[in-house]
Each structure stands twice: as C-alpha cells, then as structure tokens.
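Numbering (our numbering), first residue to last: -16 to 616.
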Ligand code: ADP
C-alpha cells in the first residue's frame, strides 16, 4: 500500500450477507478461480459505460480526453495483480454502498435457506452474481483506490479488506480518474503471476468487451531477452460484440458476452442476435438463460434489457422492452431512434419503446417456437425453469395469446407421468373423431388430478384430458378460452356433455335410468335443500358413486382456493351434486325406505364428493356420524 497522506480513516463491518457471500464463494468457486478476472474486467467496462453516460448530461466529466480502457499488470515479487480503469470511479459513499453491502433485497433470506450441499454448488452462487467480491477467490487481501469523475485528486478513496469481517476506508490522493483494484494474492492465486496465463484468461473473457483491455508485458530485444522495460499490449478486439456481424461471432463469444451482461455463471440456453433497419433502427441481442434466477417471483425482482442508444450505454434493467411474462429474457437493445437523454420516465410512454417492445416480444416468442421445434429436450429444460412465468402470458398479452398458448406444456392422461411435455397442438392432433373441445382438469397436485373421479368416463371412452396442477392454471384458464379454433372445456363443469360419444342404444338406456331415478333425485334434493345448487344423475362415473361440479360460469374450486390463498374473500362455491345411478351405493340408497337412513346415505355421498373435489368438507363430524351409523348397521 502506498504511504500517501491519509485522512478520515475508519474501519467498518461488512453487512452480514456480504460475509456469508464471501464465505460461500471461497468454498464453492475454488475450482473456477479465473472468473475473478471476468468479473473485474466486466466492472471496469461498466465503469467506462457509466462515465460516457454521465458525460451526456455533464460534458465536463469526460470529453474524450483519454481512451477509456482497462489495464492489467502483475508484480511477481509483491504477489499482486492490479486491474485499473479510467471509468466513472466511486465516491466514498459509493464505495461504502457498493463494496460493503449487497443491495438486492431478499438476499439474507436466500442465504439462510441454502443447504450445506447447495453452498458447494458453484452454479447457485454463480447465478447470484458475485461480482467484485470474486477478487477474494484468489486474494487474501484487496486494495481499491478510486476517484470518481469530477472529484478532486486529493478526495480519492482507498478501501482495504482481508475479506473477513471488516474493511477500512480512508481518503487518499489519486492522480487519475477511475479505479485501481490491487489483489494481494493468496497461495492458490499465484498461478496468475504469469504473462501467458493472464493473456490467456483475459482474451477469453474480454474479447467481446467494447473498450480495449491492455496487459503489461515485458519488452524483449531481438534475441528474445527481456530489456527490463515493459509495454502495454492490447489483448482484445475492443469492438462491442453486438455491432459485429453475426457470422463473425462464435458461439463461445456469445456465451462469454452473456456472462458479462448478466453475471450469470451458467451458459445461456439460446440467443438471438438481430440487426433491424426500417421503421425502427436497432440491434438486439436476446438470451434465454438456462437457469431461473432465485428471485424471479419476488415482487421487486429486477429484470429487463441493457439499453444502449447509438452504442452509448444508457441503463440496466430497462423493463419496458419486455412484457412481464418474458422477464427471464436477458440481453440488450441498441436503438438508433431513441434520444440519448432518454430516461425511464420517457421510456414509459414512448412510441418507439412500444413498437420495440412488440417487435422484441415477437422475436422471443419466435426464438422459443424454433427451440421447441428443433430441440425438444432443451425446450423441456426451458419449460421446467420458466414455464410458470410463461403461463402469465395469455392474461398479460392478448395480442400474442395464441402464440403463447402454442408454447405452453402440460401433462395429460395420454402419458402416465407428471412431466409437463404435452403441447396443445399435440393434444389437438390426437383428438377423437367428433371431438370439438379440449378437455382439461385443474387440481391441487398431479396425483389429485390423475386420480380424479371426473376422469372415469374419459378413460372408458379413450378421450385425452389435459391435467393442470400448477397454482396459476385456474387463473390462466380464465384467459385461455380456445386454441386452434377449439374451445376449452373443464371436465368439472356442469356443461360437460359427452353424449356425442355415446351410441343410440346407450343414450336410450341412460334416458330410461334417468326417468327411474327422478324420484330419488327429488328425495335427495329435498333432504339437502339449500346446501347444494342442484342434484342430478350422471353417467360419466364408473367406480365413484357421486361427484360435485360447478356451473360453467360460476367460480370453480381451484379459483376459490386461489382467492383464499391470496387473502381475498371468495364467495361460496355453489356445487351441483351428481349421482351415479349405476353404483351399488346409490342403488342401496334408492332402496332405503326410512328417511333418516336415506339422509345418512346422502351425507356420505356428498361428503365423499366434496372431499374428492376440495380436499376438505364443511362439517366433517356430520359426515363421520353418518358413516359410522351406516357401518354399524
Ligand atoms: P455488480 O457489478 O453485479 O453490480 P459488483 O459487486 O461487481 O456487483 O459491484 C458492485 C458495484 O460496485 C457496481 O454495481 C458498481 O457500482 C461498483 N463498482 C465495481 N467495480 C467498479 C469499478 N471498477 N468502477 C466503478 N464502480 C465499480
């Protein structure tokens, strides 16, 4: 450390989340040490972007006086690596905020939930984004010297920490604007004290970075002997990746760029890079990650694209360019139509934004469509990670409803598995002759759906039913009314009519039985009174004596549960009791002359049906008394 005059020196403790992060990181990333360079170069490049952006409104800060870039050097005797940039720098407050805390809310909770095994999983810690703190993978102490743009030489800041519980911060002199990060290497980090090793790693991680990255190299004479002098050698192309021609960019470069943009450690699943001219003039580079971020369902989850205007970085997380149901999409948009002084407020209701948003939405849906078509396995892994989010689509985006519907995957009675891999197109292609509806069932869980008594006649008629058991499904089905011109039909609704699949003889027989049972139905009705909306016979059951259904336009069970779970008062669901006249329990009931005993049978039928439908019943003791009395008899 340099011995410049110091003032205002203080020692501060890290926020407890930072301590946890540091601890986890050193334990999970030791086999992936070199990524500290990616993270630090990435931060330096961001700092250059931010400086250019700030200079748009305050030209004093940067007038193109020096080329913005990153310089890397090492000192084998002192055991240090230094990463320097001349970007935006940080003030004392910035340093305390950025290098002492983790701003993301929910972090503490996230850490507290990690299991022993998970803490060793580098993917997990990786998706969290370790950023600057990754320096401690190779360093047992780190010094940061930084001077913010527009701040006086003697007002620079030095931060120092051993990465344990605390750090010191003091005011120092620093000649130039920007940030120097000095890593005091631990034993395991010493492999990086080598020119070729550093060059290798830097070129891997910085080729796509738009500012030049220089490495300090020893000068050699004609015979290859070191002269004792050093030179700065530019290691990367320093051309923003998205401005290059698609055909010139390798897959590896796209992947590395993704990691730079997102701080994700895992590789992206797919990406689409497009240059568009015409009504709108822009370039977009959109990625679908392979893993969902841990906070995707947090209310304040940050998402959106990096926004550039004419190649100048403007902001991170510009959420306006993607609908919320595609919030997992990462990447950037570089527009030539938006003004350089664009703010989040302006973006809100801006014509260009709207038309870009709609174009980018289509682009993503197309990318997913082709993934589904060309690589079913990858699509399945996408679905597992993001299917729940995509299911928000039909409600949010009327104009692309059919497209989104085509991307949805469900499980169905066609296969004996909870795996959601049936598309609606698959279903339609297997529809039976004369079938004009898509039959579906919503339930709390796959096993509840699969074993639902409502399925009995579908099984016997060989009709496929879509099984939905995610929380959101009932809500989704409020918006998804048809696909490919076929209406959806819930099989727990009273309007279900399968008579088209019955032959004349069957129909005739059912009619007769219905007549015979009219008086029984009336008896049940008068016993139950207001407790049900209606009672009737059904022929859709086999081994189940009775079920309850709801009217087509009444609220169903799952919807009521959804509202209750959200803390809203749900009106009582009005059930219709359907009894199976071919079931022994029902014929026994019909033969019961004693009204009191008849009532017990009804209690048992209704109680069972409610239990199967809701997983609960209003008055269990009434039900149990009835069961017990019947058993005693
Ligand atoms: P992230 O980059 O994911 O935000 P980091 O831990 O890497 O997280 O960095 C935290 C913050 O510290 C950054 O958002 C940035 O504001 C600041 N920072 C880090 N490195 C630099 C740098 N070289 N120059 C200016 N600011 C930096």
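For each residue, glycine too, the CB sits at the ideal point set by N, CA and C.
Using 7 angstroms as the threshold, is the C-beta distance between residue 188 and residue 21 below it? Reading the chain shown from its first residue, position 205 is the one you call residue 188. Reading the chain shown from its first residue, position 38 is the one you call residue 21. It is a contact, given that the beta carbons lie within the stated cut-off.
Cut-off 7 angstroms between Cβ atoms - residues of its own chain near residue 377, not counting five sequence neighbours on either side: On the chain shown, residue 377 is found 394 positions in, with the first residue counted as 1. 384, 387, 388, 459, 462 and 463, listed in sequence order.
Going along the chain, which residues of its own chain have a beta-carbon closer than 6 angstroms to the beta-carbon of residue 245, five neighbours each way excluded? Translated into positions along the chain shown, residue 245 becomes position 262. If we look at residue 245 and ignore the five residues flanking it on each side, its Cβ neighbours are 313.
Using DSSP's beta-bridge definition, name the partner residues of residue 215. Residue mapping note: residue 215 aligns to position 232 of the chain shown, counting from 1. In DSSP, residue 215 forms a bridge with 199.
Do three or more CB pairs link the region 483 to 497 to the region 526 to 544 at distances below 8 angstroms? no
Go ahead and pull the three-state DSSP assignment for residue 152. Within the chain shown, residue 152 is the residue found at index 169, counting from 1. Here residue 152 sits in strand by DSSP.
DSSP state of residue -14 mapped onto helix, strand, coil: As a working mapping, residue -14 is identified with position 3 in the chain shown. Because residue -14 sits at a pLDDT of 45, beneath the cut-off of 50, its placement in the model cannot be relied upon, and the point is left open.
Could you spell out where the alpha helix (DSSP H) holding residue 432 opens and where it closes? One-based indexing of the chain shown puts residue 432 at position 449. Counting along the chain, the alpha helix (DSSP H) containing residue 432 begins and ends at 429 to 433.
DSSP three-state label for residue 306, please. As a first step, residue 306 is located in the chain shown; it is residue number 323 there, counting from the start. Note: residue 306 maps to coil in three-state DSSP.
Could you name the residues of the same chain whose beta carbon sits closer than 6 angstroms to that of residue 578, not counting the 5 residues immediately before and after it, in chain order? For the purposes of this step, residue 578 is identified with residue 595 of the chain shown, where counting begins at 1. No residues qualify anywhere along the chain.
Using the three-state DSSP reduction, which class does residue 391 fall into: helix, strand or coil? Locating residue 391 in the chain shown gives position 408, counting from the first residue. Three-state result, residue 391: coil.
Residue 220 vs residue 247 beta-carbon contact at 7 angstroms: Counting from 1 along the chain shown, the entry for residue 220 is found at position 237. Counting from 1 along the chain shown, the entry for residue 247 is found at position 264. No, the Cβ-Cβ distance between residue 220 and residue 247 is not below 7 angstroms.
So, using beta-carbon positions, are residue 162 and residue 126 closer together than 7 angstroms? Within the chain shown, numbered from 1, the residue matching residue 162 stands at position 179. Within the chain shown, numbered from 1, the residue matching residue 126 stands at position 143. Their beta carbons are not under 7 angstroms apart, which means residue 162 does not touch residue 126 by this criterion.
How long is the line joining the alpha carbons of residue 557 and residue 442, rounded to whole angstroms? Residue 557 sits at position 574 when you count from the first residue of the chain shown. Residue 442 sits at position 459 when you count from the first residue of the chain shown. Near 27 angstroms, if we compare the C-alpha coordinates of residue 442 and residue 557.
Mapping DSSP to helix, strand and coil, what is residue 485? Here residue 485 refers to the residue found at position 502 of the chain shown. Residue 485: coil per DSSP, three-state reduction.
Measuring only the C-alpha atoms, how far is residue 178 from residue 139? For the purposes of this step, residue 178 is taken as residue 195 along the chain shown, with counting starting at 1. For the purposes of this step, residue 139 is taken as residue 156 along the chain shown, with counting starting at 1. Answer to the nearest angstrom: the Cα atoms are 30 angstroms apart.
When the Cβ atoms of the region 476 to 484 are set against those of the region 388 to 399, are three or more pairs found closer than 8 angstroms? no
At the level of alpha carbons, what is the spacing between residue 583 and residue 434? Along the chain shown, read from residue 1 onward, the residue named residue 583 stands at position 600. Along the chain shown, read from residue 1 onward, the residue named residue 434 stands at position 451. Cα to Cα, residue 583 sits roughly 26 angstroms from residue 434.
Whole angstroms is fine: what's the gap from residue -12's alpha carbon to residue 341's? On the chain shown, position 5 is the one that residue -12 refers to. On the chain shown, position 358 is the one that residue 341 refers to. Note that residue -12 scores 49 on pLDDT, short of 50, meaning its location in the model is unreliable and no value can be drawn from it.
If you draw a straight line from the C-alpha of residue 17 to the C-alpha of residue 405, how long is it? As a working note, residue 17 is residue 34 in the chain shown. As a working note, residue 405 is residue 422 in the chain shown. Looking at the two C-alpha atoms, the distance is approximately 42 angstroms.
Give me the DSSP bridge partner(s) of residue 317. The residue given as residue 317 occupies position 334 in the chain shown. In the DSSP output, where bridge partners are listed per residue, residue 317 has 266 and 291.
The region 46 to 65 contacting the region 193 to 201, beta-carbon criterion three pairs below 8 angstroms: yes
Mapping DSSP to helix, strand and coil, what is residue 120? If you number the chain shown from 1, residue 120 lands on position 137. Residue 120: helix per DSSP, three-state reduction.
Distance between residue 118 and residue 36 (C-alpha atoms, nearest Å): Counting from one through the chain shown, the residue named residue 36 turns up at place 53. Counting from one through the chain shown, the residue named residue 118 turns up at place 135. Roughly 26 angstroms between the two C-alpha positions.
For residue -14, which residues of its own chain have a beta-carbon under 8 angstroms away from its beta-carbon, when the five flanking residues on both sides are left out? Counting from one through the chain shown, the residue named residue -14 turns up at place 3. Any reading at residue -14 must be qualified, since the residue scores a pLDDT of 45, below 50, and its modelled position is unreliable; the value itself is stated next. Excluding sequence neighbours, residue -14 sits near nothing in its chain.
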